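Taking it in order: structure first as structure tokens, then the write-up.
Protein chains: 2
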Amino acid sequence: MTDEAKYRVGMVAKMTGLSTHTLRMWEKRYGAVVPKRTEAGGRLYTDADVGRLRLLHKLVGTGHSIGGIAKLPDAELRHMAATLSTPSKPPTLTHFPEIRQRVMAAVEHLRIEEAEQILARAALSAEPTEFLKGVVGPILVEVGTRWERGELRMVHEHACSTVMRGLLFSLMRLYPTNGSGRRVVVATPANENHELGALMVAMLAAMHGWSVLYLGPNLPAEEIVYAVTDTEAQLLMLSVTNLKPEESAREIAAIESALPDQVSILAGGRAINAPPNSRVQVQQDLALVEAALSR
Amino acid sequence: MTDEAKYRVGMVAKMTGLSTHTLRMWEKRYGAVVPKRTEAGGRLYTDADVGRLRLLHKLVGTGHSIGGIAKLPDAELRHMAATLSTPSKPPTLTHFPEIRQRVMAAVEHLRIEEAEQILARAALSAEPTEFLKGVVGPILVEVGTRWERGELRMVHEHACSTVMRGLLFSLMRLYPTNGSGRRVVVATPANENHELGALMVAMLAAMHGWSVLYLGPNLPAEEIVYAVTDTEAQLLMLSVTNLKPEESAREIAAIESALPDQVSILAGGRAINAPPNSRVQVQQDLALVEAALSR
DNA sequence: TAAGTTATGTCTAGATTTTGTGCAACCATT
DNA sequence: AATGGTTGCACAAAATCTAGACATAACTTA
Chain L
18 MTDEAKYRVG MVAKMTGLST HTLRMWEKRY GAVVPKRTEA GGRLYTDADV GRLRLLHKLV
78 GTGHSIGGIA KLPDAELRHM AATLSTPSKP PTLTHFPEIR QRVMAAVEHL RIEEAEQILA
138 RAALSAEPTE FLKGVVGPIL VEVGTRWERG ELRMVHEHAC STVMRGLLFS LMRLYPTNGS
198 GRRVVVATPA NENHELGALM VAMLAAMHGW SVLYLGPNLP AEEIVYAVTD TEAQLLMLSV
258 TNLKPEESAR EIAAIESALP DQVSILAGGR AINAPPNSRV QVQQDLALVE AALSR
Chain S
18 MTDEAKYRVG MVAKMTGLST HTLRMWEKRY GAVVPKRTEA GGRLYTDADV GRLRLLHKLV
78 GTGHSIGGIA KLPDAELRHM AATLSTPSKP PTLTHFPEIR QRVMAAVEHL RIEEAEQILA
138 RAALSAEPTE FLKGVVGPIL VEVGTRWERG ELRMVHEHAC STVMRGLLFS LMRLYPTNGS
198 GRRVVVATPA NENHELGALM VAMLAAMHGW SVLYLGPNLP AEEIVYAVTD TEAQLLMLSV
258 TNLKPEESAR EIAAIESALP DQVSILAGGR AINAPPNSRV QVQQDLALVE AALSR
């Protein structure tokens, strides 16, 4: 495909399905496309012209008036064609790779509404654990690594996190607490700002009927301890993805030593580093976390 | 997407489900939408017009009378559609002080589910702006000051922020974008971690039909600039509540100098500090922010 | 409750506009 | 001269425009 002007009007008529007459009229009356000319005055259309004409033809066929849309830019026309054809079938995607790919594409172009829509649909038609393991997790990892490699920018990472956060929040609320009275506190230690792992396990806990107190990222040990004891929670879940090993170990040790004996601690995340010989149970696999929660 | 007028009545009829007759009557009798005209007098509707008509159609379908709602501003219609409640006649006599008090009590005891419930109910029965100004804002301020005074702990502040964040996210999603094509980016400059102000204005923008790209807290100037230019947004909204004056001024100046001229900047928040003689418009009052958004 | 009023969608009718196509005369290349 | 293209004018079908008449339902008032 070049931007060479190479098609004459009869050829374009065949390619687009419009008559030569119509082509000339659309040019003269509405300036829909203005082809170059040969020295003798013959019209010469480019590939882009043909594409545009096809678009216009399609839109006119669905009811738009040529006079109203002839002057609009190509991007606008494409958008109109895209939004017009969709209402029939909102395809529920259950094929994880494709979902991931489409969400990544949306994030790359900062089209967060689109990303949200795809994810929301997928979330409702998949097993929650599967969804977390097969979609949310991998996407976060991919955005993270591509960001480090410089292929994506910080905005993409932020936007993606925002979408996921909102999504997980909404999903969490779909599972109302049952009266089992099992309470869990979910948090992230001091200086750890990555909350998405925490959100994922919080959602798992909610799914299993726990009453979840989600505290968000970056909390000093004493605050976490206070929350656990004040609410008489039986379980504390921590997520660490970005701390230095010694920092992780220090914080977790501080939390553990101050917690009442009967409280269990479940920790996970890429950078987790727990002191040995402690009651802190380290668990990276979401499925196993889930098993622990359903016990 | 542009705000160009490009649809003729027949197409609009197809898109909205209303008859051409009805469209003309709604215009003549109630001024529900007043489309531009071609030179010859033909009606030309914009995407925003279509969005508004869809809203009106939906509301009429649920029992509202067209005469009563035709003149209401878009934001009002969106709120009504979102809550499917009464036509704004009863000025919502929810008693804000009591709501605040009950939420505060719930937060104090870390009963976040209770807080969530109270807030969600109040949010749906109140005018969004009023709700933000009368409930969300004051509660955040109160939690902040009581924390500084040592009456509350960091966990309370975190838990409360988490609740509000989730709430605002959900509320934002109640107002789907119409095709008006007005895009706004909402963010918080580097080192500013308080995102709730940003979330509040993001929600206001969504209510007014803007397509909102919410980037969350703590973004360097160049990232914000990239997002704005990449999405061709017309407006950037910034919130600063916790930076030092010189830091605020530096970041904002950096952003402003790198942004294309046609992008407006609206900034607010306790610690905002904008360079003088700039196009940065500082606005602390939510009602005035809203006015700017509906222009 | 009956009668009158208002609100709202639909319909008609005749004038215009929009838009695709037909025809005529002419030009360029082969 | 055959082919494919150009321009301008004419024309007809479809879509709109305006103004007003009507039908129905909902609401008011006596």
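Order-wise, the sequence lines are chains L and S. With the first letter of the first sequence counted as 1, position 217 gets the number 234 in our numbering; the numbers rise by one all the way through. With the first letter of the second sequence counted as 1, position 184 gets the number 201 in our numbering; the numbers rise by one all the way through. C-beta atoms are modelled at their ideal positions from N, C-alpha and C, and glycine is treated no differently. What you are looking at is a predicted structure, and each value in this text was computed from that prediction instead of being measured.
6 Å CB neighbourhood of S/VAL319 in its chain, flanking five on each side removed: For chain S, the structure presents residues 18 to 312; residue 319 of chain S sits outside this window and is missing.
Residues of its chain near S/ILE289, where Cβ-Cβ distance is below 7 Å and the 5 sequence neighbours each way are ignored: VAL257, SER265, VAL299
Going by CA-CA distance only, name the one from L/HIS96, L/ALA223, L/MET171 that's closest to L/LEU127. L/MET171
With three or more beta-carbon pairs closer than 8 Å as the criterion, would you say the stretch 210 to 224 of chain L touches the stretch 179 to 189 of chain L? yes
What's the C-alpha gap between L/ALA123 and L/LEU94? Their backbone Cα atoms lie some 20 Å apart in a straight line.
Would you call the stretch 242 to 252 of chain S and the stretch 199 to 206 of chain S touching, i.e. three or more CB-CB distances under 8 Å? yes
Euclidean distance between Cα positions of L/ALA308 and L/GLU168: Their Cα atoms are separated by approximately 37 Å.
Give a yes or no on contact between the stretch 218 to 235 of chain S and the stretch 156 to 167 of chain L, applying the rule of three or more CB pairs nearer than 8 Å. no
When the Cα of L/LYS88 is compared with those of L/GLY80, L/ARG69, L/THR79, L/THR100, which residue comes out closest? L/ARG69
Is S/LEU255 closer than 7 Å to S/ALA284 when the C-beta atoms are compared? yes
If the cut is a Cβ gap below 7 Å, which residues of chain L does S/ALA244 touch? Within chain L, the residues near S/ALA244 are LEU127, VAL172.
Output needed in chain order: residues of the stretch 231 to 242 of chain S with a Cβ under 9 Å from some Cβ in chain L. TYR231, LEU232, GLY233, PRO234, ASN235, LEU236, PRO237, GLU239, GLU240, ILE241
Exposed or buried, which one is S/MET97 when buried takes at least 16 other CB atoms within 10 Å? Looking at its Cβ environment, which holds 16 or more other Cβ atoms inside 10 Å, S/MET97 is buried.
Under 8 Å by beta carbon: chain S residues contacting L/THR258: Within chain S, no residue comes near L/THR258; the closest Cβ sits about 17 Å away, beyond 8 Å.
Limits of the beta strand (DSSP E) - the one that L/SER228 falls within: 228 to 236
Restricting to Cα atoms, I'd like to know which of L/GLY78, L/CYS177, L/ALA291 is closest to L/TYR155. Correcting the residue identity first, residue 155 of chain L is Pro in this sequence and not Tyr. That would be L/CYS177, whose Cα lies nearest to the Cα of L/PRO155.
The stretch 128 to 145 of chain L in contact with the stretch 132 to 148 of chain S per 3-pair CB rule at 8 Å: Judged by Cβ distances under 8 Å, the stretch 128 to 145 of chain L makes no contact with the stretch 132 to 148 of chain S, as fewer than three pairs qualify.
Do you know offhand how far L/GLY34's Cα is from L/ALA49's? The straight-line gap from Cα to Cα measures roughly 16 Å.
Residues in its own chain within less than 8 Å of S/TYR315 by CB, not counting five upstream and five downstream? In the structure as shown, chain S starts at 18 and stops at 312, and residue 315 of chain S therefore has no counterpart that could be examined.
Grouping DSSP H, G and I as helix and E and B as strand, with all else coil, what is S/GLY197? Before going on, a small fix: residue 197 of chain S reads as Ser here, not Gly. Assigned with DSSP and collapsed to three states, S/SER197 falls in coil, not helix or strand.
For S/ASP64, does the count of other Cβ atoms within 10 angstroms reach 16, so buried, or fall short, so exposed? buried
Output needed for L/TYR24: all residues of its chain with C-beta closer than 6 Å, excluding positions within five of it in sequence on either side, in chain order. TYR62
Considering only the beta carbon of each residue, do S/GLU120 and S/ILE135 sit closer than 7 Å? According to the sequence as given, residue 120 of chain S is Val; it is not Glu. Contact: yes.
Can you look up L/GLY286 in the DSSP assignment and give me helix, strand or coil? coil
Taking just the CA atoms, how far does S/ARG54 sit from L/LEU236? 60 Å
In chain S, which residues lie less than 9 Å from L/SER82 when you measure between Cβ atoms? LYS23, TYR24, ARG25, GLY27, MET28, GLY59
Could you please tell me which residues of the stretch 146 to 180 of chain L, in chain order, have their CB closer than 8 Å to any CB of chain S? ARG170, MET171, VAL172, HIS175, ALA176, SER178, THR179
S/TYR62 by DSSP, collapsed to three states: which one? strand
Compare the C-alpha of S/GLU209 against each of S/MET189, S/GLU268, S/GLY58 and name the closest. Selected option, being the one with the closest Cα: S/GLU268.
How about S/LYS75: is its C-beta nearer than 7 Å to some C-beta of chain L? no
Buried/exposed call for S/ASP66, threshold 16 Cβ in 10 Å: buried
Kindly say whether L/GLY183, judged by its beta-carbon, lies nearer than 7 Å to any beta-carbon of chain S. yes
Tell me the rounded alpha-carbon separation between S/THR79 and S/PRO90. 18 Å
Just the chain S side, please: which residues come within less than 7 Å of L/ASP247 by C-beta, in chain order? LEU127
Is there a Cβ from chain S that is less than 7 Å from the Cβ of L/PHE186? It does; some Cβ of chain S falls within 7 Å.
Quick check on L/GLY48 - is its C-beta less than 7 Å from some C-beta in chain S? no
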